[in-house]
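First the structure, in the form of structure tokens, and then the observations on it.
Residue numbers (this note's numbering), protein chains in the order written: chain R, 1 to 372; chain V, 373 to 776.
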């Protein structure tokens, strides 16, 4: 009987994971297009359904109806495999998300490591797809993606390590439990959260780090040769990634499903209100992602790498050392972390821009004045 | 050796690029990394590419992210504009001039009209001169908005916001031009000895309103990018055009002025009523991408200033020389003449040879973009591919003018 329940639970979890991934992708596409349109002073898609909410569903059907085209020179197997592979990471992460009180599809005791491991899968699919297309733009885009993943994985792991240090466990349920009573990690370690957020945006290949598909240089990067539903899979994954990275961030830093009135409505052992909090927090972050994309110009490859290796990684290491020192030697270490976290947060936010500008001013002075 | 990314049927430009790779390899200027095979690839950017602004084709040789060589290929928009002139009367050719450098059609027409007027030895009426300055400067505003907008869109997603704001405000300017001439971009508005229509009723007030709001809008654009560290990082000190380059390649317009060359035909070779107007020639010191962007932004302000002065000084009177209103066939006396005019992109000149018949014997345009394009190989060599896109965006090419 227990076995049967486990199997049912498993099937339900996988179905939910897929539903969440696809629904999130379809919703995010419309959400982003409408939000961008609002910010750019135009209308955006508003024809299909009320306020255009079915636009991406219509687009998905359109893409399914398109010719299944493969370039003659492309590697047939890998070219077909890549779009199938690309979704695995997104779905696999979903399986460990603590959605609400009493419902975590699979609570792994190595959840944090598992997340880092499976999110890299997407990059692998991108690399394969870009290589198999036999297109120079695709190849450059794919290699950029790989280089970016290798660089930004490290600050991300450094930030996650701190979460593990503070919570004392790799399990996601334990992380959420540790953040009960508004002891959200982001509230007393905002600097760590910031590091994680920057690295996560880079992992997502979204603006300002959207180099693998920077449309003004590489046409559409690794996806140049993909069309129809194969392209659709890459596209859906990218937008599902927004929600998934936000869910991970909410779980790790923003208290997961914790919020007021947690036990107000419980159906079959699953609390409903926390689910609402969880989704609400997630979509605040998704909105922030859209906003960031519109506000910051795209970096260049060398600048991107320099930012990871010269800024984020040293700061991440320093952050670990500081956190460890505080936890070891300060008696009420949470308050210690609170002070250290906010001081370093404001120092980073306040100093990064002036330092960059000062360097640029110096650089500008070095530019030879061409007037004679 | 099997070339993984061989182009199936290379054309002349690709063959040239491949030949140059072989030459560099033979001369020992290969890849820096020892022990690796020669790893330069030829990438074909355009004529269909998101950031080539029209149908420019660049055959780019890449070593990883580094641009080793650039071969611009033009001619995809060639429409025999100059040859067409030889089978059209002078009047019939006016709408075709619009379509050469289509982003600033008014200015092209103006250059053509001035050349024919000089050939015939007539002067437009005074009111027409002021109207010409007004529509010419409006056209310049519209053109600079397109230039800066598309350039920022090349840089970044942020630019997509900028480009939408700029096109939104360009629409106001185009509305004004539409009311004057009846068309948004292909105006057919200039006539020899004046302009086609007088300004409609209430237009002057409308124009004043738009001009009053313009400086605020320019400030808004500047607030978006001028202080943005990432934008500065992408533009400062990149793609520097030296003054020597300006002289060697015949660069004109904002690109030359950004390098500190005070070359503005409105000042240096004044025409129309520009000597009576107060405005500054905007220049910058460094000649990099950022300076070219700055010069264009400043010129927006100056254009607004010029238009406001013209609206104040606008005299009454006819808008066309009386004797020229009826005949639609004119026969300038035999001879040739060249008139250069300050287009938003530089010196746009028209050279006409007349044999005394109804048709020009020969007509030739001097297009600023064509000269600016010649600088590309020198400017782009050794940059990163992302820089190359930004630089080519900042040069602001219009292929309609280059291919003609």
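Just so you know, even glycine gets a beta-carbon here, dropped at the ideal spot from N, CA and C.
It should be emphasised that the depicted structure is a prediction, and the values quoted were computed from it without experimental measurement.
| Asked | Found |
| --- | --- |
| Start and end residues, beta strand (DSSP E) containing residue 9 of chain R | No beta strand (DSSP E) holds residue 9 of chain R; the alpha helix (DSSP H) holding it covers 2-39. |
| Residue burial classification, residue 478 of chain V (beta-carbon count within 10 angstroms, cutoff 16) | buried |
| Touch test, the stretch 24-41 of chain R against the stretch 106-119 of chain R, Cβ-Cβ under 8 angstroms, three pairs minimum | no |
| Cut-off 7 angstroms between Cβ atoms - residues of its own chain near residue 56 of chain R, not counting five sequence neighbours on either side | 26, 29, 30 |
| CB contact check: residue 148 of chain R to chain V, cutoff 8 angstroms | no |
| Residue 222 of chain R in three-state terms, based on DSSP | helix |
| Proximal chain R residues relative to residue 667 of chain V, where beta-carbon distance stays under 8 angstroms | By Cβ distance, chain R contributes nothing, its closest Cβ being about 13 angstroms from residue 667 of chain V, past 8 angstroms. |
| Partner residues on chain R for residue 437 of chain V, Cβ-Cβ distance less than 9 angstroms | 140, 144, 300, 301, 302 |
| is_contact[residue 756 of chain V, chain R] using C-beta, thresh 8 angstroms | yes |
| Limits of the unbroken beta strand (DSSP E) element including residue 729 of chain V | Premise fails: residue 729 of chain V is in no beta strand (DSSP E) and is neither H nor E. |
| Counted within 10 angstroms of its Cβ, other Cβ atoms place residue 595 of chain V as buried (16 or more) or exposed | exposed |
| Cross-strand partners of residue 605 of chain V (DSSP beta bridge) | BP columns for residue 605 of chain V are empty, so no partner. |
| Length of the line joining the Cα atoms of residue 130 of chain R and residue 467 of chain V | 47 angstroms |
| Candidates V:476, V:505, V:393: closest to residue 645 of chain V by CA position | V:505 |
| Simplified DSSP state of residue 354 of chain R, which is helix, strand or coil | helix |
| Local Cβ density within 10 Å of residue 420 of chain V, reported as buried at 16 or more and exposed below that | exposed |
| is_contact[residue 136 of chain R, chain V] using C-beta, thresh 8 angstroms | yes |
| Cβ-based contacts, 8 angstroms cut-off: residues of the stretch 270-296 of chain R near chain V | 293, 294, 295, 296 |
| Beta-carbon spacing of residue 617 of chain V, residue 430 of chain V below 8 angstroms | no |
| Check whether residue 625 of chain V and residue 717 of chain V have beta carbons under 8 angstroms apart | yes |
| Endpoints, beta strand (DSSP E) assigned at residue 643 of chain V | Taken as a continuous stretch (DSSP letters only), residue 643 of chain V belongs to no beta strand (DSSP E), as it is neither H nor E. |
| Burial state of residue 195 of chain R, where buried means 16 or more other Cβ atoms lie within 10 Å | buried |
| Inter-residue CB distance, residue 257 of chain R and residue 278 of chain R (contact presumed, cutoff 8 angstroms) | 4 angstroms |
| Test item: CB-CB of residue 87 of chain R and residue 319 of chain R under 8 angstroms | no |
| Residue 272 of chain R in three-state terms, based on DSSP | coil |
| For residue 362 of chain R, the three-state DSSP class (helix, strand or coil) | helix |
| Minimum C-alpha distance to residue 706 of chain V - residue among V:728, V:685, V:500, V:694 | V:728 |
| Separation of residue 71 of chain R from residue 349 of chain R, as counted between CA atoms | 47 angstroms |
| Inter-stretch contact (C-beta, 8 angstroms, three-pair minimum) for the stretch 206-225 of chain R and the stretch 132-145 of chain R | yes |
| Rounded straight-line distance, which links the Cα of residue 340 of chain R to that of residue 186 of chain R | 13 angstroms |
| Straight-line Cα distance separating residue 240 of chain R from residue 43 of chain R | 24 angstroms |
| Residue environment, residue 51 of chain R, which counts as buried when at least 16 other CB atoms sit within 10 Å | exposed |
| CA-to-CA distance, residue 334 of chain R to residue 251 of chain R, given in whole angstroms | 19 angstroms |
| Per-residue DSSP class, three states only, for residue 522 of chain V | helix |
| Segment contact flag, the stretch 700-715 of chain V with the stretch 606-620 of chain V, C-beta cutoff 8 angstroms, min 3 pairs | no |
| Reduced DSSP secondary structure (H/G/I, E/B, other) of residue 722 of chain V | strand |
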